[in-house]
Amino acid sequence: MLDIKFIRENADVVKAGAEKKHIKVDIDRLLTADDERKQLRQDIDAKKAEQNRRSNEIQRAQGEERAKLLEAMKQLKAGMAETEERYKVVMEEWQKLMLAVPNVPDMSVPEGETDADNKELKRWGAPTAFDFEPKGHVELMTALDMVDFERGIKAHGFRGYFLKNDGALLSWAIWNYAREFFLKKNFNPFIAPAIVNKEFFYGTGHLPGDAADIFQTQDDQYLAGTAEVPMMAYHAGEVLTQEELPKRYLAFSACFRREAGSHGKDVTGLIRVHEFYKWEQLVLCEASHDESVKFHEELNRNTEEFIESLKISYRQLEICGGDLKAAHVRSYDIELWVPKEETYREIASASYYHDFQTRRFNIRYKDAEGKLRYVHSLNATAIPTPRILVSIVENYQQADGSIKVPDVLVPYVGKSHITKP
RNA sequence: GGAGAGGUGGCAGAGUGGUCGAAUGCACCGGUUUCGAAAACCGGCAAGGGCGCAAGCUCUUCGGGAGUUCGAAUCUCCCCCUCUCCGCCA
């Protein structure tokens with residue numbers, strides 16, 4: 000949510016931003032609705048003031064005078080009802096339009112329409128070289144009895160999976176290693192709920208846009224596809240002190256995604272599943288663009304360092320306008336090398352929002368002057384499982400079909416190679 | 001699932017139809033005192049919107065929504081949430 004005042008004063012900037020994101024929103028219509036809203040509000044306020052004034056008179060009046068005042072009041076109120084009805088209608092449209100206005104992308108965000116236009120900022124390491132034909136993770140992991148897709152589909156349905164044996168152990172090893180690695184970066188650890196009240200999905204910007212991609216319960220709660228949702232809800236409606244900022248949270252949660260609209264994509268394997276787990280980095284900081292930028296770089300760098308420690312080649316992408324989510328100011332993706340597909344696949348994403356989210360969540364702090372301001376929010380993937388397993392097993396596969404355990408994970412897995420049981 | 005209690009400012013907590021946006025305490029800010037600090041004392045202190053250069057005026061908000069009333073934190077109805085006890089349960 001942008002500030003309506005900001006939209007009024009910077010309509011051109013907001014329009015250009017929406018255009019860059021290829022999002023259609025009628026700013027002119029919003030401004031007209033806002034004019035109308037203000038006019039009606041003033042009208043109602045004036046009448047209300049009159050009503051309040053007369054009400055006080057009635058209190059003191061006696062007998063005939065009182066009866067006269069009551070009669071006059073009836074007429075005043077009749078005149079108000081119509082205006083209030085109209086105000087309601089206008090407000091409804093106003094709110095709908097306000098929710099549709101995307102955040103303004105940073106100047107540095109490149110133009111582009113789809114993810115194909117994302118700009119590569121850097122590449123680390125080289126794709127793993129094999130002196131044999133590398134296998135895909137489905138084949139590898141199935142052969143090593145680390146995963147069971149058939150029974151996963153039997154139990155869960157499409158995109159179902161069981162991680163088992165070394166597949167389960169490897170997942171736990173990654174979680175434990177990630178926990179230790181990221182907590183050295185000065186975060187407060189959290190385990191966050193995945194079932195979250197519907198209203199908070201509007202706050203993160205997942206609703207109303209992505210409704211089809213979210214599982215929901217019969218109690219009007221939704222299953223979060225990322226801990227970003229519960230973690231933002233954590234401080235919703237609160238007033239923080241400047242001293243307690245920045246808040247640095249490392250949250251672990253189950254994540255649920257319906258993947259509606261991607262039915263044809265990645266139909267097998269662990270790349271795209273309905274249910275997964277993720278360590279997520281979150282920051283709430285004071286309302287300063289420089290702070291946001293600083294933390295954005297830092298959170299992204301944390302993930303890069305983690306992946307570098309696993310010694311798997313990655314590349315960093317700058318998300319282009321057309322691929323940038325409505326709520327984002329700027330976003331980086333990190334993609335990991337997947338040998339079987341001979342390409343880099345997304346593993347993590349780091350974004351900042353300025354006060355776009357916190358305005359909706361109503362998370363504020365008192366600044367040095369005692370003024371209430373909306374905090375800035377950021378979030379970034381630390382590491383998701385099981386998707387990360389894809390790159391680990393494929394990059395570390397050996398000619399004999401076994402998998403070498405990355406050095407940093409050996410203490411957590413308890414062995415250096417995963418072989419046939 | 002059953003029964004009961006309750007949701008009020010940053011926090012705690014009074015207020016049950018009329019200058020109540022709301023007593024009081026804590027926290028916070030300013031001042032007096034002090035070498036400085038603490039304590040004490042004095043004063044200030046809800047948020048959001050509109051009009052205005054400003055001073056100021058004004059509207060809204062006491063969990064959410066609807067209603068009764070000239071007037072609602074206060075009465076009625078619906079919903080949500082929290083707590084306690086009982087039941088069930090990993």
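Residue 0 is where the first sequence starts when you use numbering that gives the first Met the number 0, and the numbers rise one by one after that.
Positions of the beta carbon are idealized from the N, C-alpha and C atoms, including for glycine.
In this structure, how does DSSP classify residue i when only helix, strand and coil are distinguished?
| i | result |
| --- | --- |
| Ser287 | coil |
| Arg372 | strand |
| Pro104 | coil |
| Ser330 | strand |
| Lys155 | It is worth fixing the name first, because residue 155 is His in this sequence and not Lys. If DSSP states are grouped into helix, strand and coil, His155 belongs with coil. |
| Ile22 | coil |
| Ser401 | coil |
| Tyr395 | coil |
| Asp147 | strand |
| Ser390 | helix |
| Lys277 | strand |
| Glu92 | helix |
| Phe214 | coil |
| Lys121 | strand |
| Ala259 | coil |
| Phe186 | coil |
| Arg358 | helix |
| Phe251 | strand |
| Thr141 | helix |
| Thr127 | coil |
| Thr384 | strand |
| Pro207 | coil |
| Pro410 | helix |
| Val292 | helix |
| Val228 | helix |
| His136 | helix |
If you measure from the CB of residue i, is any heavy atom of the ligand NAD nearer than 7 Å?
| i | result |
| --- | --- |
| Ala259 | The ligand NAD is not part of this structure, which contains no ligands at all. |
Can you name the residues that DSSP bridges to residue i?
| i | result |
| --- | --- |
| Phe181 | Partner(s): none; Phe181 has no beta bridge. |
| His416 | Lys403 |
| Ala349 | Tyr331 and Ala379 |
| Glu194 | One point to set straight first is that residue 194 is Ile, not Glu, in the sequence displayed. Answer is Leu222. |
| Lys423 | With the chain running from 0 to 420 in the structure shown, residue 423 is simply not present. |
| Lys365 | Thr240 and Leu371 |
| Gln315 | Lys121 and Ile333 |
| Ala167 | Ala167 is not bridged to any residue. |
| Leu162 | Val146 |
| Thr302 | DSSP, once it has assigned bridges, lists no residue as partnering Thr302. |
| Tyr86 | Beta-bridge pairing links Tyr86 to no other residue. |
| Arg271 | DSSP, once it has assigned bridges, lists no residue as partnering Arg271. |
| Tyr421 | Coverage of the chain is limited to positions 0 through 420, which leaves residue 421 absent and any answer about it impossible. |
| Tyr343 | Trp336 |
Give the C-beta separation of residue i and residue j to the nearest angstrom, bearing in mind that I take them to be a contact with Cβ-Cβ under 8 Å.
| i | j | result |
| --- | --- | --- |
| Val146 | Gly159 | Not quite, the Cβ-Cβ distance comes to about 11 Å (not below 8 Å), so this is no contact. |
| Lys419 | Val404 | Actually they are not in contact, since the Cβ atoms of Lys419 and Val404 sit about 15 Å apart, beyond 8 Å. |
| Trp123 | Glu307 | 6 Å |
| Trp336 | Ile362 | No, Trp336 and Ile362 are not in contact; Cβ-Cβ is about 38 Å, not under 8 Å. |
| Val392 | Ile402 | 5 Å |
| Asp212 | Arg256 | 6 Å |
| Ala226 | Ala250 | 4 Å |
| Tyr411 | Asn175 | 5 Å |
| Ile26 | Val12 | About 10 Å separates the two Cβ atoms, so there is no contact after all. |
Counting beta carbon pairs with one atom in the segment 156-171 and one in the segment 222-235, are three or more of them shorter than 8 Å?
no
Hey, is the segment 367-376 in contact with the segment 133-141, meaning 3+ C-beta pairs nearer than 8 Å?
Pairwise C-beta distances place the segment 367-376 out of contact with the segment 133-141, as fewer than three of them are shorter than 8 Å.
Validate contact between the segment 87-94 and the segment 352-366 using beta carbons, cut 8 Å, 3 pairs
As far as the Cβ criterion goes, the segment 87-94 does not touch the segment 352-366, which means the pair count is below three.
Does the structure place the segment 100-113 close enough to the segment 2-22 that three or more beta carbon pairs sit under 8 Å?
yes
Pairing CB atoms from the segment 270-277 with CB atoms from the segment 376-389, are three or more of them under 8 Å?
yes
Below 8 Å, can you find three or more Cβ-Cβ pairs linking the segment 308-318 to the segment 185-197?
no
Contact the segment 297-305 vs the segment 340-354: 3+ CB pairs below 8 Å
yes
I'd like to know if the segment 207-214 and the segment 181-188 are in contact, where contact means that at least 3 CB-CB pairs between them fall below 8 Å.
no
Please determine if the segment 113-122 and the segment 24-43 are in contact, where contact requires at least 3 C-beta pairs separated by less than 8 Å.
no
Evaluate the contact criterion for the segment 215-222 versus the segment 236-247: three or more CB pairs, one atom per stretch, below 8 Å.
At 8 Å Cβ cutoff, the stretches do not touch.
Just list the beta strand (DSSP E) runs in the segment 2-82, keeping only unbroken ones of 3 residues or longer that don't cross its boundaries, in chain order.
none
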